[in-house]
Amino acid sequence: MPVNVAKAPLPAPNPKLPPIPEARGPLNIKVQYPGAGDLVNSKDSNFIHGQVGNGDAGLSINGVPSPVWPNGAFIGWLPVPQAVASTDSLGRQIMLGVYELVAVVGMDTARLTHTVRLPIPAATPPVVVQPATVVPVSQPTYAAVGATKGPAPLKGTQSAKCYGAFTTCLLATPILSDTDRVVVGRPTPTGTYKWFLVPGTTVQVTGTQGEFAQVQLDNGQIIWIAKSDLNLEAAASTPTRVTIGAPSIASGGDWIDLNIPVSATPAFLVEETERGFNLTLYSATPGANTPSPLVTRDAYVRGVQRGGNADRIVFGISLSAAPFGYLTLYQNGLFTLRLRRPPAIDPSSPLRGLTIAVDPGHPPIGATGPTGLWEPQATLPVGFKLRDMLVERGANVVMTRTAHEDVDLAVRPTVARRNNAHAFVSIHLNALPDGANPYRAQGTNTYWFYQHSSTLAQHVQRQLVNEMGLADKGIHFGNFAVIRGTWMPSVLAEGAFIMMPDQEAAMRTAEYQAQYARGIVLGLEDYFRSLAQQK
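And the structure:
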């Protein structure tokens, strides 16, 4: 008996997207996400996408009509299936949910039963008063922070008990002059990255919580560092207090160095202001002959003031323009804050002579669309088109990858820095976590990490929206590894949603790939032209 499944209406077509090719093949239902046996981590509703082989098909999923695009792709938004208790092959309890998909074209019908896992409901625990979650140490302990070939957990400690206290060192291997290796500190164990310490810095550990150690930089500053980044064996037996010598300014042409002689590797924080930086050195004491203010005759660095208190020294650096980039360096008893000058720009040809780092996002990993388009397969041709457009405008281009091989996330910004790039742009396609409605959340957004990158993000976002025609989801702070480089403005663009059938189909076309690339180029031009106007 024929099954009647009405064809659900599609969203209004987007004139900026190229036409979707039509599929008229036999019905064949394939679910791309969630995969069979995948855990769907949503309490009420979730998306499911894939393809049915024929764009004329009507599709129902658990009785809910779901739109099918002309190429046979679909994405449904519907309640999570009812959970059914079961056991796995090892006899462990699991919860299963079943999607029943029915596709119909004329007299032809296809069915698919698709089973996924659902979260096991957590038992409601009794209400109890929890003790303090930070386990204090009983006496001062110090350790070094840094990197070794393998993990180096805190020895002799537990998160439930902690006897004795320790000074620790941020795990130290030989410090190379051309490394971007840092040790990350956070304001809370789950907080965003804020401190980026040099390997070998000695810090005081005051407590532990799970995989993190509570570290005191001075009497007024507590941060959290992963235990695996601490090395007790390299620790000092007494607190390390840094004495600074007389700072000096040195010009390197494209940059200006604030050089500070120090008695030991300092824990520090660099914070950007609208027209400058604040550099804080913790547990630091000024030595003799450390003048304030520091005299400078550089047109970019207007002045350097020294302040602080008994526990720390703060250098306030005033600039004649907004910060463009910086590096922190430490070698042979000299701590350097290297300030990068904004490049000289010709407003009529703002990219000429600049070096732009182009980062086609992924692999490893990456999102996949309903018909199987994998994110790295789409971002690479966008990267090539962006490269060609930049070269046409007189820019030099550094590509972080030119083939479908894995490139480590940490390597990508390092490649840009070593090539002295003036901007870094990472190209991505978005997808959503379980429980988010793709019909509402889709659009274009751009991410930045450091404040000096936010203006570039604004320009790129505006031009991407103009070129790609999708909803403007704005710019956002994003704690992504590839945009945490400090030497240049760095942004990560999520131009389109690969999980949406019309946008996935568009990203298969050279036409829309070029629109994505053009949006980035125009945003870069606007940004660097704005720098010329500041002078």
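When we follow the working numbering, the leftmost residue of the sequence shown carries the number 20, and every step to the right adds one.
All C-beta atoms, glycine included, are put in the ideal place defined by N, C-alpha and C.
All figures in this text were calculated on a predicted structure; none of them were measured in a lab.
Test item: CB-CB of residue i and residue j under 7 Å
i	j	result
Leu300	Pro266	no
Pro457	Phe66	yes
His495	Tyr466	yes
Val540	Met408	yes
Leu120	Leu131	yes
Met251	Ala162	Reading the sequence as shown, one finds Leu at residue 251 and not Met. Taking 7 Å as the Cβ cut-off, Leu251 and Ala162 qualify as a contacting pair.
Gly514	Leu475	no
Asn278	Thr355	yes
Asn33	Gly488	yes
Ala575	Thr259	Not covered by the structure: residue 575. The range shown for the chain is 20 to 554.
Ile332	Ala303	yes
Asp199	Thr387	no
Gln223	Lys404	no
Pro366	Ala340	no
Rounded straight-line distance, which links the Cα of residue j to that of residue i
i	j	result
Ala455	Val99	12 Å
Leu511	Ile446	6 Å
Pro89	Pro208	48 Å
Lys35	Arg527	14 Å
Phe215	Ser509	17 Å
Pro77	Thr128	One detail in the question is off: residue 77 reads as Gly in this sequence, not Pro. Rounded to the nearest angstrom, the two C-alpha atoms are 10 Å apart.
Ala307	Val377	47 Å
Gly95	Ala525	19 Å
Pro558	Ala27	No information on residue 558 is available, as it lies outside the stretch 20 to 554 that the chain covers here.
Pro379	Gly125	43 Å
Thr176	Gly56	Residue placement at Thr176 cannot be trusted, given a pLDDT of 29 that sits under 50; what the coordinates show is reported in the next sentence. Answer to the nearest angstrom: the Cα atoms are 39 Å apart.
His381	Asp425	7 Å
Ser178	Leu448	Caution is warranted here: a pLDDT of 28 is assigned to Ser178, below 50, making its placement in the model unreliable, and the coordinate value is therefore given only provisionally. Answer to the nearest angstrom: the Cα atoms are 39 Å apart.
Arg481	Tyr535	12 Å
Arg548	Glu523	33 Å
Ile502	Lys492	19 Å
Gln552	His68	47 Å
Arg498	Leu46	The question names Arg, but residue 498 is Asn in the sequence shown. Whole-angstrom Cα-Cα distance: 43 Å.
Val153	Gln228	5 Å
Arg420	Pro280	39 Å
Pro30	Gly91	15 Å
Trp393	Tyr469	29 Å
Thr160	Phe443	41 Å
Val201	Ala25	57 Å
Gln396	Leu451	19 Å
His133	Gln101	13 Å
Gly44	Val71	9 Å
Thr398	Met519	16 Å
Asn238	Asp330	7 Å
Gln350	Pro155	34 Å
Gly226	Pro285	21 Å
Gly169	Pro218	Because the pLDDT at Gly169 is just 40, under 50, the model does not fix this residue reliably, and the value given afterwards should be weighed accordingly. Taking the straight line from one Cα to the other gives about 15 Å.
Outcome for residue i when other beta-carbon atoms lying within 10 angstroms are tallied against a minimum of 16
i	result
Ala104	exposed
Arg437	exposed
Asn73	buried
Glu290	exposed
Tyr182	With a pLDDT of 27 at Tyr182, under the threshold of 50, the modelled position of this residue cannot be trusted, and the question is left open.
Pro140	exposed
Thr211	exposed
Asp248	buried
Lys246	buried
Ser472	buried
Arg294	exposed
His423	exposed
Gln477	buried
Pro400	buried
Thr106	exposed
Arg111	exposed
Ala269	exposed
Pro38	exposed
Whole-angstrom C-beta distance between residue j and residue i, which should lie under 8 Å
i	j	result
Ala414	Leu370	4 Å
Pro342	Phe287	Not quite, the Cβ-Cβ distance comes to about 16 Å (not below 8 Å), so this is no contact.
Gly385	Trp506	Gly385 to Trp506, Cβ: 26 Å. No contact.
Leu97	Ile80	6 Å
Leu338	Arg359	That belief does not hold up - the Cβ atoms of Leu338 and Arg359 are roughly 11 Å apart, past 8 Å.
Gly538	Asn464	Incorrect: roughly 13 Å between the Cβ atoms, too far for contact.
Gly204	Ile242	4 Å
Asp274	Arg357	In the sequence on display, residue 274 carries Trp and not Asp. With 8 Å as the limit, Trp274 and Arg357 qualify as a contact, their Cβ atoms being about 5 Å apart.
Unbroken beta strand (DSSP E) runs of length 3 or more, entirely within the segment 37 to 72: which are they?
-> Runs of the beta strand (DSSP E) inside the segment 37 to 72: 49 to 52, 64 to 70.
Return the chain-ordered ranges of every alpha helix (DSSP H) run that is complete within the segment 315 to 393 and spans a minimum of 4 residues.
-> Within the segment 315 to 393, there are no complete alpha helix (DSSP H) runs of at least 4 residues.
Which runs of the alpha helix (DSSP H) spanning at least 4 residues fall entirely within the segment 457 to 519, listed in chain order?
-> Listed in chain order, the complete alpha helix (DSSP H) runs (minimum 4 residues) inside the segment 457 to 519 are 457 to 460, 473 to 487.
Start-end ranges of the beta strand (DSSP E) lying completely within the segment 190 to 254, minimum 3 residues = 202 to 204, 214 to 216, 221 to 228, 231 to 237, 240 to 245, all fully within the segment 190 to 254.
Run through the segment 435 to 459 for me and flag every whole beta strand (DSSP E) of 3 or more residues, listed as ranges in chain order.
-> DSSP runs (the beta strand (DSSP E)) wholly in the segment 435 to 459: 442 to 449.
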